[in-house]
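To keep things clear, I will list the structure first and then write my remarks on it.
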Amino acid sequence: KNAQIHKLDMFIVERVCSDIGERKRRGVPYVPVSVNFSRLDFEMCNVLEIVEKAVKKNDIARNFIRIEITESMVLDDVDLMSAAVRSFRKKGYEVWMDDFGSGYSSLSVLKDWDFDLIKYDMFFLSTLSSKSKHIMNSMVSMAKNINFMTLAEGVEEKEQVDFLRDIGVEKLQGYYYGKPMPLEDFFDNIKARNIGVEKREWKEYYDAASCAARYSENPLEIIEDTGEQIKTLFMNEPYKKEIKIDSYDLDEVDDLIYKIKSPLVKKYNMFAEKIENSNDYETFYYTYQGDLLRFTGKTLAKKDDRYILSGSIRNISEDRDALKNYNIDIKLNELSNLFEAVLELDLDANTFQTILGHFSYDINYDSSLMSNEEAIELFTQKFIYPGEFDRYMKYMNLNTLAERIDKVGNGYLSDLFRIKAKNGKYEWKEVLVMMLAGSRAKKFLYCIRELDDKCVKVFDKYKVFDKIDGSE
Numbered sequence: 011k012n013a014q015i016h017k018l019d020m021f022i023v024e025r026v027c028s029d030i031g032e033r034k035r036r037g038v039p040y041v042p043v044s045v046n047f048s049r050l051d052f053e054m055c056n057v058l059e060i061v062e063k064a065v066k067k068n069d070i071a072r073n074f075i076r077i078e079i080t081e082s083m084v085l086d087d088v089d090l091m092s093a094a095v096r097s098f099r100k101k102g103y104e105v106w107m108d109d110f111g112s113g114y115s116s117l118s119v120l121k122d123w124d125f126d127l128i129k130y131d132m133f134f135l136s137t138l139s140s141k142s143k144h145i146m147n148s149m150v151s152m153a154k155n156i157n158f159m160t161l162a163e164g165v166e167e168k169e170q171v172d173f174l175r176d177i178g179v180e181k182l183q184g185y186y187y188g189k190p191m192p193l194e195d196f197f198d199n200i201k202a203r204n205i206g207v208e209k210r211e212w213k214e215y216y217d218a219a220s221c222a223a224r225y226s227e228n229p230l231e232i233i234e235d236t237g238e239q240i241k242t243l244f245m246n247e248p249y250k251k252e253i254k255i256d257s258y259d260l261d262e263v264d265d266l267i268y269k270i271k272s273p274l275v276k277k278y279n280m281f282a283e284k285i286e287n288s289n290d291y292e293t294f295y296y297t298y299q300g301d302l303l304r305f306t307g308k309t310l311a312k313k314d315d316r317y318i319l320s321g322s323i324r325n326i327s328e329d330r331d332a333l334k335n336y337n338i339d340i341k342l343n344e345l346s347n348l349f350e351a352v353l354e355l356d357l358d359a360n361t362f363q364t365i366l367g368h369f370s371y372d373i374n375y376d377s378s379l380m381s382n383e384e385a386i387e388l389f390t391q392k393f394i395y396p397g398e399f400d401r402y403m404k405y406m407n408l409n410t411l412a413e414r415i416d417k418v419g420n421g422y423l424s425d426l427f428r429i430k431a432k433n434g435k436y437e438w439k440e441v442l443v444m445m446l447a448g449s450r451a452k453k454f455l456y457c458i459r460e461l462d463d464k465c466v467k468v469f470d471k472y473k474v475f476d477k478i479d480g481s482e
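Sequential numbering of the sequence shown, starting at 11, is according to our numbering.
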């Protein structure tokens, strides 16, 4: 009313810069702060000059101060605010548009103005109805398509957090994370919530991931390869559906995919390395939980030795045309030259199911009448060399199988056993047991492979073979 608001707003600017500078000098965490301005500020004083003076005085980077103006300010005085936005952005400050969708919304603002970020009014989150979700999703997709970052205000409930993450909103603000509080209490609060402080040199790197995350009916995953591990940053519901994972928690998703002790993890790392060395999309085929998957990915960002990758996936196991194009039957037949047999061991279903090859060691057991343990014991009695009964039974102990595979670290167990062939002789075979990725240690591949002639000759030379009933 008295045109004095600019004095308060300029004091806030100077206080914010002073607080950031003081924490910087103390060597304690500090974070960027967004400051709200009114139209009168720009009429009554040189806002840019005052902000610049405060930033330089306190020796802080410009990207630690975000300039917030409302949509209504823009529409009230287009010429004044247009010049202000251009001048701040030219100096390297981010300019955010506050309260988009509060009643003044005009698409011409988005068409004619360059903002770094749009803040959506909390009105849209007051009730998460089907209609409001569709509106919010459409607005976020539109903003991302024209290269605006997005922030949602008024976030108070976990349901809101989950929805906003699913549609790719980059930043969230609201009571869910904390109410207004003194500065020191703020840092105690985020520490208690296990929220880290991002170093500013990593901003553009992680912004690339944020910009790529969005709602899509197509499977979409965004991951980070740190060089030591692969971590999921975003995974939409269609992607989870393709790989048959229903968990929302991304840490649990990583536990099921990237942190298991499986040979598949090595393949993921190989895929990632090839994508990182490419300037184009790369496509890979692999099996997961018995399904054939096609993954296509590209690099979004790189910093130091870390990469952010995006990818899409398709489960083509039930797609006849895709299987035909991939010649999957031919490739499986080629694998039969390597393995005598490949079976799936399912602990929950209590079954051994043949996947590849003719299982010459058929024991004709009824899974409804016999447990997997009993079937293993029957196989042992019928086919394993008697002097190795105990060793084979210990090797196939289902109670410790997952633990032993995890301990080995390469995702599978391998050992040599003498197994009776059709001619009645015992022949050395390699038996491999591999945990299936994503099965929660409930499914395994059981493989039998012949040894090559060189191995057999070495065994024969050192008299590894024992005589049983007159035969070696």
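In this text, a Cβ means the ideal position worked out from N, Cα and C, and glycines have one as well.
- Annotation: the segment 423 to 452 contains the following complete segments of the beta strand (DSSP E) (minimum length 3 residues), in chain order: 436 to 445.
- With contacts defined by Cβ atoms closer than 8 Å, Leu-274 and Gly-421 form a contacting pair.
- If you look at Val-41, you'll find it isn't in any alpha helix (DSSP H); DSSP assigns it neither H nor E.
- Residue environment: Ser-136 is assigned as exposed (fewer than 16 neighbouring CB atoms within 10 Å of its CB, all protein chains considered).
- With contacts defined as CB atoms closer than 8 Å, Ala-447 and Tyr-298 qualify as a contacting pair.
- A Cβ-Cβ distance of about 6 Å is found for the pair Ile-255 and Val-263, placing them in contact under the 8 Å criterion.
- Here the alpha carbons of Arg-72 and Lys-121 stand approximately 26 Å from one another.
- Boundaries around Phe-110 are those of the beta strand (DSSP E), 104 to 110, since no alpha helix (DSSP H) includes it.
- A direct Cα-to-Cα measurement between Val-150 and Tyr-296 gives close to 34 Å.
- For Asn-325, the closest of Asp-315, Thr-306, Arg-316 by C-alpha to C-alpha distance is Thr-306.
- Asp-261 sits away from Tyr-317, with the two beta carbons spaced by 8 Å or more.
- Excluding the 5 residues flanking it on each side, Ser-44 has same chain C-beta neighbours closer than 7 Å at Arg-76, Glu-78, Trp-106, in chain order.
- In the DSSP annotation of this structure, Lys-11 is not part of any alpha helix (DSSP H), being labelled neither H nor E.
- Apart from sequence neighbours up to five positions away, no residue of its chain approaches Asp-217 with a beta-carbon distance below 6 Å.
- Per DSSP, Leu-408 lies in no beta strand (DSSP E) segment and is marked neither H nor E.
- Short of 8 Å from the beta carbon of Tyr-103, and not among the five residues preceding or following it, lie these beta carbons of its own chain, in chain order: Val-61, Arg-72, Asn-73, Ile-75, Arg-76, Ile-77.
- Counting C-beta atoms within 10 angstroms of its own C-beta, Pro-229 has 16 or more neighbours from the protein chains shown and is therefore classed as buried.
- Under DSSP, Met-245 shares a beta bridge with Glu-231.
- Between Ser-272 and Met-444, the C-beta gap is smaller than 8 Å, which places the two residues in contact.
- With fewer than 16 other beta carbons inside 10 angstroms of its own, Glu-211 counts as exposed.
- Assignment of Val-352 by DSSP, reduced to helix, strand and coil, places it in the strand class.
- Taking a contact as a CB-CB distance under 8 Å, the pair Thr-160 and Leu-127 counts as one, their CB atoms being some 7 Å apart.
- For the pair Gly-184 and Gly-164, the Cα-to-Cα distance works out to about 5 Å.
- In the three-state DSSP reduction, Ile-177 falls in the coil class, being neither helix nor strand.
- Counting only the Cα atoms, Asn-147 lies some 37 Å from Arg-25.
- In the three-state scheme derived from DSSP, where H, G and I count as helix and E and B as strand, Phe-393 is classed as helix.
- Per DSSP, the beta bridge partners of Ile-323 are Phe-305.
- Of the residues Pro-39, Glu-59, Glu-292, the one whose Cα lies closest to the Cα of Lys-201 is Pro-39.
- According to the DSSP assignment, Tyr-295 belongs to no alpha helix (DSSP H) but to the beta strand (DSSP E) extending over 292 to 298.
- Here Tyr-291 is exposed, its C-beta having fewer than 16 other C-beta atoms within 10 Å.
- Under the DSSP assignment, Ala-71 falls outside any beta strand (DSSP E); it carries neither an H nor an E label.
- Counting C-beta pairs with one atom in each stretch, the segment 389 to 400 and the segment 425 to 433 have three or more that are closer than 8 Å, which means they touch.
- If you draw a straight line from the Cα of Ala-223 to the Cα of Val-441, it is about 44 Å long.
- For the pair of segments examined, the segment 241 to 257 was found not to touch the segment 275 to 294: the number of CB pairs separated by less than 8 Å stays below three.
- In this structure, Glu-214 is the residue among Ile-267, Glu-214, Arg-401 with its C-alpha nearest to the C-alpha of Leu-310.
- Sixteen is the threshold: since fewer than 16 other Cβ atoms of the shown chains lie within 10 Å of the Cβ of Leu-18, the residue is exposed.
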